[in-house]
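Engineer: The structure under discussion is supplied below as structure tokens; questions concerning it will follow.
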């Protein structure tokens with residue numbers, strides 16, 4: 001299989017370059033398991049599906065730690081038939097075992113409950129695309145059932161779902177949605193926005 | 001049908017709020033045909049599928065006109081079965097007439113060739129998701145054939161396709177990919193990043 005992400009960091013400051021460069025060391029613990037390539041639009045991460053969201057979490061928390069309004073935007077994918085197989089993307093054991101919907105929701109909720117808090121509050125929204133599936137809305141609705149029980153569910157928006165909370169459980173919720181709600185061989189994509197330190201958020205009632 | 005976008009503007013400057021507010025008047029010519037709602041993460045545009053990309057183009061060109069490194073990120077969707085029908089989204093005549101692949105490519109190329117230049121050079125990348133289709137990769141490959149002939153094709157990247165050129169033909173190419181490569185009743189999503197004034201782009205050979 002092939003799994004990875006195209007991700008971008010957007011610090012809303014004149015000093016966006018040092019904020020981005022200063023956060024990159026947060027990826028160091030992952031570098032031996034990932035292929036990482038950067039151009040002027042995004043950074044490609046290719047690696048095991050279970051580590052994509054932890055890597056993005058650590059990068060984003062580091063950048064948001066500057067206090068600047070910062071957004072991470074990412075396109076996350078697994079199982080794309082147009083991409084070559086890559087040994088580097090072999091999922092961790094257990095990933096491919098799909099139980100009943102009830103079991104998967106329970107496993108996902110346990111993982112979110114065990115997520116370490118980071119002390120960084122974030123708002124996120126994402127869209128979930130199960131591709132090549134004739135009844136794709138069934139998988140989307142099953143995933144939404146999990147999200148509503150996750151403890152970080154914000155609200156349903158047009159075209160996406162909003163999450164609010166500490167970056168730890170928010171990114172774990174995203175990881176579970178990505179990992180557990182489609183078969184291992186499925187082609188799945190997830191389109192993600194995560195924001196911290198927004199002045200608009202502070203102004204919300 | 002229901003069509004629209006969740007879009008966000010990211011000006012990489014301390015003055016990001018005035019850049020965003022200053023660009024919003026570019027949406028004025030579209031307001032009578034759109035429902036527009038903003039929260040701290042994104043702005044929702046709901047309206048006719050053929051006007052989504054022109055509206056985003058005008059907004060982005062206005063924001064990038066400040067000279068600041070600015071990114072527009074958007075999730076664009078049509079035909080989602082989970083959304084209500086909306087009269088406001090009725091497509092313009094001709095939208096639902098799908099000819100052969102060759103005819104569609106020719107129509108799309110004609111539209112891109114007629115696109116007005118804006119004087120603003122942009123780089124874009126996007127992913128195209130035909131949902132609920134058993135042979136979704138066929139539609140993706142057909143769309144890529146058009147993109148390669150569009151005149152603004154940059155390169156294929158993992159998970160997405162890159163476009164480079166003037167904002168006029170680039171946004172028209174995106175619009176054609178969104179409008180012409182799936183039936184009118186299909187559920188289709190497109191995940192978009194557009195960038196201007198990047199110092200990394202200037203440093204490219």
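Chains as they are written, first to last, in this note's numbering: chain Z, 1 to 205; chain R, 1 to 205. Beta carbons are placed, not taken as given, at the ideal position from N, Cα and C, and that holds for glycine.
Where residue 185/R and residue 179/R are concerned, what is the direct C-alpha to C-alpha distance, given to the nearest angstrom?
Structural biologist: Approximately 11 angstroms between the Cα atoms of the pair.
Engineer: Using beta-carbon positions only, say whether residue 176/Z and residue 108/Z come within less than 8 angstroms of one another.
Structural biologist: In this structure, residue 108/Z lies closer than 8 angstroms to residue 176/Z by Cβ.
Engineer: Which first and last residues belong to the alpha helix (DSSP H) in which residue 20/R is found?
Structural biologist: Counting along the chain, the alpha helix (DSSP H) containing residue 20/R begins and ends at 16–23.
Engineer: Got a sec: is the Cβ-Cβ distance from residue 162/Z to anything in chain R below 8 angstroms?
Structural biologist: It does; some Cβ of chain R falls within 8 angstroms.
Engineer: Which complete beta strand (DSSP E) runs does the stretch 23–95 of chain Z hold, if anything under 3 residues is left out?
Structural biologist: Listed in chain order, they are 35–38, 43–46, 70–78.
Engineer: Can you pull the chain R residues whose beta carbon is under 8 angstroms from the beta carbon of residue 201/Z, in chain order?
Structural biologist: Under the 8 angstroms cutoff, chain R gives 40.
Engineer: With respect to the beta strand (DSSP E) encompassing residue 234/Z, which residues constitute its N-terminal and C-terminal limits?
Structural biologist: Residue 234/Z is absent from the structure shown; chain Z starts at 1 and stops at 205.
Engineer: Please return the same chain residues whose Cβ sits closer than 8 angstroms to the Cβ of residue 140/Z, not counting the five positions on each side in sequence.
Structural biologist: The residues are 128, 130.
Engineer: Buried or exposed, going by whether 16 or more other CB atoms sit within 10 Å of the CB of residue 11/R?
Structural biologist: Buried: at least 16 other Cβ atoms inside 10 Å.
Engineer: Is residue 82/Z close to chain R, meaning its C-beta is less than 8 angstroms from at least one C-beta of that chain?
Structural biologist: Yes, its Cβ sits closer than 8 angstroms to a Cβ of chain R.
Engineer: What first and last residue would you give for the alpha helix (DSSP H) that runs through residue 108/R?
Structural biologist: Its alpha helix (DSSP H) spans residues 101–113.
Engineer: Leaving out five residues before and five after residue 205/Z in sequence, what residues of the same chain have Cβ atoms less than 6 angstroms from its Cβ?
Structural biologist: Per-residue confidence for residue 205/Z stands at a pLDDT of 46, beneath the threshold of 50, marking its modelled position as unreliable; the derived number appears in the next sentence. Taken in chain order, the list of residues that qualify is empty.
Engineer: For the stretch 7–28 of chain R, list every residue whose C-beta sits within 8 angstroms of some C-beta in chain Z, in sequence order.
Structural biologist: Against chain Z - using a Cβ distance shorter than 8 angstroms - the residues of the stretch 7–28 of chain R are 8, 10, 11, 12, 13, 14, 16, 17.
Engineer: Which residues, taken in chain order from the stretch 144–162 of chain R, show a beta carbon closer than 8 angstroms to some beta carbon of chain Z?
Structural biologist: Going along the stretch 144–162 of chain R in chain order, one finds 157, 158, 159, 160, 162 with a Cβ nearer than 8 angstroms to chain Z.
Engineer: Run down chain Z in chain order and give the residues with a C-beta less than 7 angstroms from the C-beta of residue 123/R.
Structural biologist: Correct list: 40, 41.
Engineer: If we call anything under 8 angstroms between Cβ atoms a contact, is residue 73/R one with residue 193/R?
Structural biologist: Cβ atoms of residue 73/R and residue 193/R: closer than 8 angstroms.
Engineer: State the CB to CB distance for the pair residue 75/Z and residue 164/R, rounded to an integer number of angstroms; the pair is presumed to be in contact (CB under 8 angstroms).
Structural biologist: Residue 75/Z to residue 164/R, Cβ: 18 angstroms. No contact.
Engineer: DSSP has residue 190/Z in a bridge; who is on the other side?
Structural biologist: DSSP output for residue 190/Z lists 76/Z, 128/Z as bridge partner(s).
Engineer: Would you report the Cα separation of residue 36/Z and residue 181/R, rounded to the nearest angstrom?
Structural biologist: So the alpha carbons of these two residues sit roughly 32 angstroms apart.
Engineer: Hey, would you say residue 161/R sits closer than 8 angstroms to residue 147/R, going by beta carbons?
Structural biologist: Taking 8 angstroms as the Cβ cut-off, residue 161/R and residue 147/R qualify as a contacting pair.
Engineer: Between which two residues does the beta strand (DSSP E) harbouring residue 11/Z extend?
Structural biologist: Taken as a continuous stretch (DSSP letters only), the beta strand (DSSP E) holding residue 11/Z covers 3–11.
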